[in-house]
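Report on the structure given below.
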Amino acid sequence: MAYKYREELVGKRFLSVSGVTKINVNKVSEWGWKAGVIRAASLKDNKNKELQVLVEYDGVDWHRREWVAVYSRRTFRVFLVERTLVWAPRNVDGKEVQWPALTFTALASDLAIPSAAHPVEFLHDRRLAFLDYASLQPYQDWDAHLAGATAGLDQALLTSLAAEAADWRTLQDGQRILTTTPTVLGGCRAQVYRSAGATQWYTAVIFGVNEHTGELTVTDDTVLEEHSEDPALVQMTLLGDGVIESIMRGEVVGVMPRRSRSNLQVIVINNLHYTYIYYTARIP
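As C-alpha cells, then:
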C-alpha cells in the first residue's frame with residue numbers, strides 16, 4: 240500500500256518545465272526539467288489559479304529563492320509535485336537494482352505526459368528516470384536485497400539510502416501531526432522556514448494553536464519573539480530524536496513538565512478558538 244498522499248505543498252519536491260522551453264512532445268526526458276523544494280505557499284487551495292509557491296531550485300543558493308505562479312502558462316508548461324515513494328528499477332555500477340524513488344502528480348500542465356514516461360526521482364542522487372507508474376511497487380519498508388546488498392553495492396551507500404527513505408517517511412508523519420493534531424505539540428521544538436529575512440530557518444518552541452485556522456503560535460529561540468505560523472503554508476519540522484514516533488504512540492512530549500499539561504485552556508477571541516498551552520518549564 241502506497242504512503243497516503245498529503246495535500247499541503249510545503250516541504251515537497253517538485254519538477255517543472257519552463258514556459259519558454261521548446262518541447263519535443265515525444266522526448267519527455269529532454270523537456271529541460273528543473274527540480275527543487277517548495278518552502279511556502281500563498282494559499283491552501285491547490286486548485287486556485289492565483290496560487291503561488293516559494294521555491295528553492297536544486298544547485299541554486301537559497302538566497303535566490305523565488306515566488307512563482309504555478310498556473311501561469313508563461314512561467315510553466317508543466318509543474319509536478321511529489322506524490323509518494325516507490326521502488327523503481329535502475330542500473331548502479333552495472334547492476335540492476337531497485338531504489339526508493341519519488342513519483343509525481345501534476346499540479347499544472349498543458350502537456351500530456353505519456354503513461355510509459357512519467358518521471359521518478361531517485362533518493363540520494365536525485366537522478367530522474369521516466370517510467371510507467373503502473374509497473375512500480377509502493378515503498379513500505381526498507382529492503383536491502385532489492386536495493387542491491389546481495390549485488391555487491393557499497394554498504395555505506397545503502398545505509399545512507401535507507402536513512403533517506405526513513406527521513407522521508409518521518410517528514411510525512413511530522414507534517415500530518417502539525418496540520419491535523421497540533422494540540423499535542425505544546426512545548427515541542429520546531430524548525431521554521433523564514434519566507435522573508437536574512438536567515439533561512441529559525442528554531443522555536445510551540446505554545447499555542449488557533450483551532451479555527453490551524454495556525455501555531457511559536458516563540459523564536461534567538462530573539463524570544465512570538466510568531467504566528469501556519470504549517471500548511473510554511474515549512475516546519477519538529478525537532479528532537481524520536482519526538483514524532485513518541486507522538487504517534489500517544490506519548491506526552493514537549494519541554495514542559497507533564498503536570499503543566501493540566502494548564503491547557505481554550506479562549507474564544509473574536510469567535511475564533513485559540514488554544515494556549517501554558518507551561519512553567521524554562522525554555523532551554
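Numbering of the sequence shown is given in the working numbering, commencing with residue 240 and proceeding in unit increments. Glycine is no exception: its CB is placed at the ideal position from the N, C-alpha and C atoms. Please read these numbers as outputs of a predicted model, since none were measured by experiment.
When the distance is taken between beta carbons, is residue j closer than 8 Å to residue i?
i	j	result
Leu341	Leu324	yes
Gly413	Thr476	yes
Leu400	Ala390	no
Leu420	Ile483	The question names Leu, yet the displayed sequence has Thr at residue 420. No, these two residues do not count as a Cβ contact at 8 Å.
Ile352	Val423	no
Gln195	Gly298	Lying before the first or after the last residue shown, residue 195 is absent from the chain, which here runs from 240 to 523.
His357	Leu370	yes
Arg252	Glu321	yes
Val309	Val292	yes
Ala279	Tyr441	no
Arg245	Arg366	no
Trp326	Leu375	yes
Leu350	Val317	yes
Arg329	Ala368	yes
His466	Asp459	yes
Ser257	Phe315	yes
Exposed or buried, which one is residue i when buried takes at least 16 other CB atoms within 10 Å?
i	result
Thr418	buried
Arg497	Reliability fails at Arg497, whose pLDDT of 34 lies under 50, so the model's placement of it is uncertain and no value is given.
Pro339	buried
Lys239	This structure cannot settle anything about residue 239, because the visible part of the chain is limited to 240 through 523.
Val276	buried
Asp469	buried
His302	exposed
Gly447	buried
Trp270	buried
Lys243	exposed
Met495	Per-residue confidence for Met495 stands at a pLDDT of 45, beneath the threshold of 50, marking its modelled position as unreliable; the derived number appears in the next sentence. That one is buried.
Ser501	Caution applies to Ser501, whose pLDDT of 38 falls short of 50 and renders its modelled position unreliable; the value that the coordinates give is listed next. Its Cβ having fewer than 16 others within 10 Å, Ser501 is exposed.
Ala274	buried
Val444	buried
Leu463	exposed
Glu454	buried
Val259	exposed
On the DSSP bridge assignment, give the partners of residue i in chain order.
i	result
Lys273	Ser255
Trp301	BP columns for Trp301 are empty, so no partner.
Glu468	Leu455
Val475	Correcting the residue type first, residue 475 is Met in the shown sequence and not Val. Partner(s): Val431.
Leu367	Glu360
Trp306	Leu293
Pro421	None; Pro421 has no bridge partner.
Thr442	Gln430
Gln376	Trp326
Ala279	Leu293 and Val473
Judging by CA-CA distance, which residue of the options is the nearest neighbour of residue i?
i	options	result
Gly425	Trp272, Leu410 and Val492	Val492
Ser434	Val294, Ser255 and Leu254	Val294
Asp480	Glu450, Ala429 and Thr461	Ala429
Ala404	Gly258, Asp380 and Gln394	Asp380
Val267	Val359, Ala443, Asp300 and Cys427	Val359
Leu290	Gly258, Trp272 and Glu247	Glu247
Gly333	Leu392, His363 and Tyr378	Leu392
Asp300	Tyr372, Thr344, Thr438 and Asn449	Thr438
Phe361	Glu464, Glu454, Leu254 and Ser281	Leu254
Glu490	Cys427, Glu450, Val331 and Gly436	Cys427
Thr452	Lys283, Val259, Val256 and Gly258	Lys283
Val331	Ala471, Trp272, Ala388 and Gly436	Ala388
Leu397	Leu478, Lys288, His363 and Glu454	His363
Gln411	Asp382, Tyr372 and Ala471	Ala471
Asn285	Ser354, Leu319 and Val259	Leu319
Thr296	Glu450, Trp272 and Ala373	A quick correction: the sequence has Tyr, not Thr, at residue 296. Checking every option, the nearest Cα to that of Tyr296 belongs to Trp272.
Ser354	Asn449, Arg488 and Ala373	Ala373
Val336	Ser311, Ser348, Asp382 and Ser281	Asp382
Looking at the C-beta of residue i, does it have a partner C-beta in chain D at a distance below 8 Å?
i	result
Tyr372	The structure shown contains no chain D; it is built from a single protein chain.
Sorry if obvious, but does the Cβ on residue i come closer than 7 Å to a heavy atom of the ligand PLP?
i	result
Val448	As for the ligand PLP, it is missing from this structure, which has no ligand bound.
For the region 310 to 358, list the beta strand (DSSP E) runs that are entirely contained and at least 3 residues long, ordered along the chain.
315 to 331 and 334 to 348
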